Structure formats: structure tokens, C-alpha cells
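Colleague: Residue numbers (our numbering): 2 to 112.
Let me begin by handing over the structure; questions about it come next.
Spelled out as C-alpha cells, the structure:
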């Protein structure tokens, strides 16, 4: 997913993984940002991978805890671009991903 849809513009790719990629989207009118995780299983017949992706989306949409990234609705302007498999909208938190932070031992200090 890339480009410009209504007030939403794709600013950059935040990361890539086994299922697909996560992109940062900015609403130029409101300043709102969201991270959108898009699965690249369009051309696969691997039902196990498709089910794992669906399970991830289902779990993320149900989680609600102050220490976890929350799922957010996909803006209607982006919805026409999006199809099966489903995409996952998430809060955007600056500072990098958890894997990178956890590898930086200086981030964790003993008190």
C-alpha cells in the first residue's frame, strides 16, 4: 500500500516481515498518524498462513491494555484500497520497534 488517499498520505515504510509490511500514514488535515500492517498473502494458497494472519488481526482488535499498541479502525478513505486479506490499523508510537529497543541494553537501567 502506498500513495495518497483523500487526506491520508503514506509517509514511509516502518518495517517488513514474514507476512508483509507496516506503513506510516498521516492525515494531512488532522495530523493523526496510524500504522497500517498489510499482509502480502494475496497470491498464496497456504491456508495455514492466511489463518495465522486472520488470528493476528482478530487478537489485536480485541486487546486493550495501556502497555500494548492498540488496533484502530482503518480510515474510510483507505478502505477502498484494502481487500482480503484484511489489514491491521494500529496506533503509531515513535521510538522504534520493540525488538530494536529490547536489544539496546542501555535502555534498561537498574534502580
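Cβ atoms here follow ideal geometry from the backbone N, Cα and C, with glycine treated the same way.
Bear in mind the structure is a predicted one, so any value in this text is a computation, not a measurement.
Write down the C-beta distance between residue 54 and residue 42 rounded to the nearest angstrom, noting that I regard them as a contact closer than 8 angstroms.
Modeller: 6 angstroms
Colleague: If you draw a straight line from the C-alpha of residue 32 to the C-alpha of residue 77, how long is it?
Modeller: Linking residue 32 to residue 77 through their CA atoms gives a straight-line distance of about 16 angstroms.
Colleague: Runs of 4 residues minimum, wholly inside the region 37-78: which ones carry the alpha helix (DSSP H) assignment?
Modeller: Complete alpha helix (DSSP H) runs here, min 4: 48-63.
Colleague: Between 60, 12, 59, 79, which has its C-alpha nearest residue 6's C-alpha?
Modeller: Of 60, 12, 59, 79, the residue nearest in Cα terms is 79.
Colleague: Looking only at its chain, what residues have a beta carbon closer than 8 angstroms to the beta carbon of residue 29, apart from the 5 residues adjacent to it on each side?
Modeller: 8, 9, 10
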